[in-house]
Structure formats: C-alpha cells, structure tokens
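Using numbering that gives the first Met the number 0, the first residue of the sequence shown is number 0, and each one after it goes up by one.
Beneath this line is the structure, given in structure tokens, with notes to follow.
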Amino acid sequence: MAERWNTGLRWSDVTPRAAFLDRRRFLATAGLGIGTLAFAGIAGAKIAATPSPYSTDEAPNSLEDITGYNNFYEFGFDKSDPARHAGAMTTAPWSVRVEGLVDRPGDYAPDDLLKGIALEERIYRFRCVEAWSMVIPWIGVPLASVLARVGVQPGARYVRFESLARADEMPGVAAGLLDFPYREGLRIDEAMHPLTLLATGLYGEAMPKQNGAPIRLVVPWKYGFKSAKSLVKISLTNEQPVSTWQMLQPKEYGFYANVNPEVDHPRWSQASERRIGGGLFAKRVDTLKFNGYGDLVAGLYAGQDLAVDY
Ligand code: MTE
C-alpha cells in the first residue's frame, strides 16, 4: 500500500486547512462542537497552529470518538471512564519537572516549556496495541525543540516520562488498577525524531482532560500506550527506563512497542486493526509496519531484530 505522507510531501498534498475548518464547522453545526467541548472540560479558545507536512490526508475521527473512547487507566478500565471521571483532574496550575542529564533542570509550567516554539497541527494515525485505531488532529510541538531548550547533555541515552498520579482526583489510582505513576520511555534518537510530539491540544482546542491535559506525548509509529498522558516528569537518563506495561507483563509489552503487523501480541494478532467510528460494519484495515511511518523511522532500527526488540 502506498504511503501517502513522507518528508517529500508538498503543502498541497496534505489536508488543506480550509477542508479541516469545514469539518470543524460541520461539527459545530451538528451540535457536537460547543457542547462536547464543554463536556470535555476545555475552554473553547481557538489555538493558532501551523499545518504540518507530516499530517496524513485521512479524515480525522470525530471529536466525539476521540474524547469518548479512551484509555487512561488512572480514571478506570472502561473506555468511557476517562470521559466520565477526568473532569475532576486539576490541570492548572501544572508543572513538569525536567531532570537528569540536562543543562537547565527545573519545574516548568507547560507554557514556559513551549514558549516561542511554533505550535503545529499534526494529523496522525494513532494505533492502540488493542488493535483499534483513530486519526487525531493533534496540536503540539516537536519534543526535540523542548529538549533543545532544556539542553540535553551528551551522556543522555534515554528519556523517561511520568504521568500525574493523584488518588483524590483519579479513581483508578485510588483503586490501584496499575502500578502508578504511569511511566514510559524512549531512546534518545526516538525522542529527538521530528515525528515525536509533545501535544497540548487537539481539534484546534486545548487538550481535553481525558486525552491527557495539559501536555502529553504522541509517538505515532508506536503503539498508543507509549504516548503517556498528563506528564509531570521528563528525565534524561543513561539507562533504559522500564515502562508501566513492561513491569506488568514483560512478555507482552516491550520497551520499543513499534507498530508491527509481523509480530503478534502473545494473545492476539497485530496484522489488522479496527478503525473507531465506523460503526458496527466498520471494515478492518491492514496494519502497516511502523503504523505507516516507516519511510521516516525505519532507519532508527537498522540492525535490530524487531521480533526480539518488540
Ligand atoms: N497515559 C497514562 N498516563 N495512562 C494511561 O492509561 N494509556 C495509553 C496512552 N497513554 C494511558 C496513557 C494507551 S493504552 C493509549 S491507547 C493511549 O494513551 C490512548 O490515548 P487517547 O485516549 O488520547 O486516544
């Protein structure tokens, strides 16, 4: 299957801004705009963001799907739990601790971390390890730009991410559903890759709480669990971090977690996926290696056996 986006894309190849705005207008007319946004707990202020040539031209899922069908175990196991419970999470003030092998460690408000870095709109495919997928119009900045701001030291080989864990605002944390705080990690070259985003919004608005407000990771060529939400800590280390899912089931969830139809999960196939939003008769689509971003990222893994480094 031809990959439609790569670094060679021209602006005219990506979803035109006007078409995107039309869809937004449609959502508003359909009554899904303001109501759902208020429900999602976001202020409704439009965010100016530059369209990115890395965007797919596939149609984004509806805001309703993106904010109503979530994994955010801090709020419960059910896909509807995050929308139901995330409203209780306090996201202002917020601070992200940047620590480890960096020149300028400290506690940063998200605005200070991103100040002066142009916000981009990136329409990415997002493939969950559970074999469903969506297309999401994120707003964010390359993680690399933020890492450059804090000054990565030469010894740093990995980045470790940690999410908020606040039992009094998060029923899944109170119930101990997982070993919280939720933790993830990337190799430094993965973290510096231009596709890797720190996202602060979607669909032109600030990040809905159930999607990881106020700031989250988005790594589009990896299974969704790598994209940790509601980040409170970013650590630069020389040791490979152990992620929450690896700790829980090391045979099922590896450190790399690159989308790979050739390597099945021990309990299910990864060869195809169900696109959320298609209703009862939605057809399954073939899963693409690296979620289709192979042109851009396969080189990161030259010489690695991805069945071993799963
Ligand atoms: N981050 C935290 N902190 N807690 C979580 O439970 N779930 C992950 C990931 N990030 C999760 C998380 C999983 S399994 C997926 S598929 C995506 O978030 C879902 O992101 P979305 O709800 O915005 O689509």
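The C-beta atom is built at its ideal place from N, Cα and C for all residues, glycine as well.
Residue i by DSSP, collapsed to three states: which one?
i    : result
K282 : coil
L197 : strand
D106 : strand
F324 : The structure shown does not extend to residue 324, since the chain is modelled only from 0 to 309, so the question has no answer here.
I135 : strand
F254 : coil
R165 : coil
V158 : strand
L113 : helix
L176 : coil
G7   : Reliability fails at G7, whose pLDDT of 37 lies under 50, so the model's placement of it is uncertain and the value that follows must be treated cautiously. In the structure shown, G7 sits in coil (DSSP, three-state: anything other than H, G, I, E or B).
G302 : coil
E261 : coil
L100 : coil
P50  : strand
G293 : helix
P141 : strand
V307 : coil
G171 : helix
R148 : helix
F25  : Legend: pLDDT at F25 = 39, less than 50; position of this residue unreliable, no value from coordinates given.
Short of 6 Å in beta carbon distance, which residues of its chain neighbour residue i, apart from the five on each side in sequence? Order them along the chain.
i    : result
L113 : V140
L142 : A190, T195, L197
F224 : V128, W244
A164 : V172, F179, P180
W4   : In this prediction, W4 scores a pLDDT of 33, lower than 50, which makes its location untrustworthy; no coordinate-derived value is stated.
I116 : V140, S144
S226 : L216, V217, V218
D306 : One point to set straight first is that residue 306 is Ala, not Asp, in the sequence displayed. Closer than 6 Å at the Cβ level, and outside the excluded window around A306, lie V262.
Using only the heavy atoms of the ligand GDP, determine whether one of them is closer than 7 Å to the beta carbon of residue i.
i   : result
A82 : The ligand GDP is not part of this structure, which contains only the ligand MTE.
Skipping 5 residues on each side, what residues in its chain have a beta carbon closer than 8 Å to that of residue i?
i    : result
W137 : E120, R121, I122, Y123, L196, A198, G200, L201, V217
N237 : L100, G154, A155, R156, Y157
A17  : Because the pLDDT at A17 is just 42, under 50, the model does not fix this residue reliably, and the value given afterwards should be weighed accordingly. Result list for A17: empty, nothing under 8 Å.
R103 : V97, R148, V149, G150
Below 7 Å CB to CB, which residues in the same chain sit around residue i once its five sequence neighbours on both sides are set aside?
i    : result
P81  : N69, F71, F74, Q209
Y222 : R126, C127, V128, A256, V258
Return the Cβ separation of residue i and residue j in integer angstroms, given the expectation that the two are a contact with Cβ distance under 8 Å.
i    : j    : result
V95  : K288 : About 32 Å; that fails the 8 Å criterion.
D178 : L247 : 7 Å
F254 : G184 : 7 Å
M133 : I46  : In fact, because the Cβ distance is near 20 Å, the residues do not count as touching under 8 Å.
A155 : L235 : 4 Å
L100 : E161 : Not a contact, Cβ separation roughly 16 Å.
R159 : R186 : Actually they do not touch by this definition, with Cβ atoms about 11 Å apart.
D285 : P260 : 7 Å
T90  : A212 : 5 Å
F76  : L176 : 6 Å
R266 : R273 : 16 Å between Cβ atoms; not a contact.
What are the start and end residues of each continuous beta strand (DSSP E) run of 3 or more residues lying completely inside the stretch 195-251, in chain order?
196-201, 215-217, 230-236
Output the residue ranges of the alpha helix (DSSP H) runs that lie fully inside the stretch 57-90 and measure 4 residues or longer, sorted by chain position.
62-67, 80-84
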